[in-house]
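Novice:
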Amino acid sequence: MNGLSHLNGATALVTGANGFIGSHLVDQLLDSGCTVHGLVRQSSDLKWLDASRVHLHRVDLAQADFQIPALEDIDYIFHCAGLTKAKSRSGYFKVNATACSNLYEQCQKRAGRIKGIVHLSSLAATGPSPQGGLVDETTPCRPVTFYGQSKLAGEEIALRFSDSLPVTVLRPPVVYGPREENFFTFIKGVHKGWGLQIGKAGKELSLIYVADMVQAMLMASAPSQQRGCSYFVTDGRVHAWEQVAKECARIMDVRLRTLKIPEGLLTPVALLFEAWASCGSRPALFDRQRMIDIRQSSWSASPEKFFTELEFEPQYDLSRGLAETIHWYQQQKWF
Ligand SMILES: NC(=O)c1ccc[n+]([C@@H]2O[C@H](COP(=O)([O-])OP(=O)(O)OC[C@H]3O[C@@H](n4cnc5c(N)ncnc54)[C@H](OP(=O)(O)O)[C@@H]3O)[C@@H](O)[C@H]2O)c1
Numbered sequence: 001m002n003g004l005s006h007l008n009g010a011t012a013l014v015t016g017a018n019g020f021i022g023s024h025l026v027d028q029l030l031d032s033g034c035t036v037h038g039l040v041r042q043s044s045d046l047k048w049l050d051a052s053r054v055h056l057h058r059v060d061l062a063q064a065d066f067q068i069p070a071l072e073d074i075d076y077i078f079h080c081a082g083l084t085k086a087k088s089r090s091g092y093f094k095v096n097a098t099a100c101s102n103l104y105e106q107c108q109k110r111a112g113r114i115k116g117i118v119h120l121s122s123l124a125a126t127g128p129s130p131q132g133g134l135v136d137e138t139t140p141c142r143p144v145t146f147y148g149q150s151k152l153a154g155e156e157i158a159l160r161f162s163d164s165l166p167v168t169v170l171r172p173p174v175v176y177g178p179r180e181e182n183f184f185t186f187i188k189g190v191h192k193g194w195g196l197q198i199g200k201a202g203k204e205l206s207l208i209y210v211a212d213m214v215q216a217m218l219m220a221s222a223p224s225q226q227r228g229c230s231y232f233v234t235d236g237r238v239h240a241w242e243q244v245a246k247e248c249a250r251i252m253d254v255r256l257r258t259l260k261i262p263e264g265l266l267t268p269v270a271l272l273f274e275a276w277a278s279c280g281s282r283p284a285l286f287d288r289q290r291m292i293d294i295r296q297s298s299w300s301a302s303p304e305k306f307f308t309e310l311e312f313e314p315q316y317d318l319s320r321g322l323a324e325t326i327h328w329y330q331q332q333k334w335f
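Here the working numbering is used: the first residue of the sequence shown is 1, the next is one more, and so on.
1. Alpha carbon to alpha carbon, what distance is there between residue 29 and residue 181?
2. Considering only the beta carbon of each residue, do residue 39 and residue 59 sit closer than 7 Å?
3. Pick helix, strand or coil for residue 76, following the three-state DSSP scheme.
4. Count the other CB atoms, across all protein chains shown, that sit within 10 Å of the CB of residue 327; report buried if there are 16 or more and exposed otherwise.
5. Alpha carbons only, please: which of 105, 31, 192 and 80 is nearest the one belonging to residue 250?
6. May I have the straight-line CA-CA distance separating residue 226 from residue 138, to the nearest angstrom?
7. For residue 1, I'd like the list of residues in its chain whose CB is within less than 6 Å of its CB, leaving aside the five on either flank, ordered along the chain.
8. For a quick check, are the C-beta atoms of residue 119 and residue 174 less than 7 Å apart?
9. Using the rule of at least 16 other Cβ atoms within 10 Å of the residue's Cβ for burial, across every protein chain shown, is residue 140 buried or exposed?
10. Pairs of beta-carbons, one from the stretch 127 to 136 and one from the stretch 80 to 92, closer than 8 Å: are there three or more?
11. Apart from the five residues just before and just after residue 154, which ones in its own chain have a Cβ nearer than 6 Å to its Cβ?
12. Taking only the alpha-carbon atoms, compute the straight-line gap between residue 147 and residue 126 and give it to the nearest angstrom.
13. Count the other C-beta atoms from every protein chain shown that fall within 10 angstroms of the C-beta of residue 107, then say buried if there are 16 or more, exposed otherwise.
14. Keeping to the same chain, check which residues put their C-beta closer than 7 Å to that of residue 303; ignore five residues upstream and five downstream.
15. Under three-state DSSP, which class holds residue 1?
16. Compute the distance between the beta-carbons of residue 85 and residue 62, then report whether it is under 7 Å.
17. Checking 7 Å against the spacing of the C-beta atoms, do residue 76 and residue 16 come in under that value?
18. Taking Cβ positions, are residue 287 and residue 275 nearer each other than 7 Å?
19. With H, G and I counted as helix, E and B as strand and the rest as coil, what does DSSP make of residue 171?
20. Is residue 41 near ligand 1 - that is, is its Cβ less than 6 Å away from at least one heavy atom of it?
21. Go through its chain and collect everything with a Cβ distance to residue 55's Cβ below 8 Å, but skip five positions before and after it.
Written as structure tokens, this is what we have:
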């Protein structure tokens, strides 16, 4: 399954290079023999990047007139930068959508040079799935949050350039693994003995371990791949939250109790968090947008198109991915 020889000796640009997915991707690109240029912000935390091995450029994609440096040298672009929490709809759109127009317009001027662009979208761009069912690439997109709407707008912009640029859009579900801080909150709860159940039992989701996600991105960048397509990439299974909690508890050898939280509590809690956040510059840790996400019965997608067309096989099932992740959190003394 490797198919990564195109990257050996090539030059790649990674936006959001210091982020969770971006930093794992950078590690893998370096291991594949790539020269890597990383786009970060002036304020970015670089703790997951080996700055001595990456050409770093400070660019804020929220600035209307940002310029992408070193484009004349770039063979492959991995657009990982994205805003997953914002205070307003326009905040999401500025980074996840509007910035894509400027980015790809600049790429278009180098259209002959660039061999592959992987645009990271999200399952949120399509929206939730019916319980017991899966969305796939033929499902009409009905995003239910500002984040999802902005990710859909971003991928539509990316695909508009696919006549002249070799763009492939990937739509991951929840990605988990070392360095990740949101899914970690769930694992930390299990570590304390609590499996959280918000609303009814049996809510489902797709997942993918970060190493598989990175492998999928690298494979999707190959010049031999079909362009102008969108793909869901998951670990190939649908998981119930209860099953994920049980598996975490088994790995950590923890006795699990279920903490049931009625959905009716979510709105007042979200309003409280929003009121608190309105005093500062950071978005709320929990808000009414996040609440919409949580209320859905299922966020599950079929990766069959990607598996078939790219001959992709995930290497991490839930047990293996969670074991690696938990082991890393323990090593880092996150709990
Ligand atoms: N993780 C998941 O479960 C998941 C699932 C589906 C899709 N995705 C998509 O995957 C991508 C990466 O997600 P992630 O989990 O790695 O998130 P992350 O850790 O928050 O990384 C996001 C990256 O985007 C950068 N960024 C944000 N605003 C920017 C701006 N104005 N200018 C330049 N860079 C900016 C961040 O820089 P700072 O560090 O400076 O903020 C960071 O490097 C995103 O596009 C996200 O929508 C993620």
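Just so it is clear, CB atoms sit at the ideal spot from N, CA and C, and this is done for glycine as well.
Since this is a predicted model, take the numbers as computed values, not measurements.
Specialist: In short:
1. 23 Å
2. yes
3. strand
4. exposed
5. 192
6. 17 Å
7. With a pLDDT of 46 at residue 1, under the threshold of 50, the modelled position of that residue is not reliable, and the figure given next carries that caveat. Contacts found: 313.
8. no
9. exposed
10. no
11. 96, 97 and 100
12. 11 Å
13. buried
14. 232, 233, 234 and 236
15. Note that residue 1 has pLDDT 46, beneath the 50 cutoff, so the model's placement of it is unreliable and no number is given.
16. no
17. no
18. no
19. strand
20. yes
21. 35, 36, 37, 38 and 70
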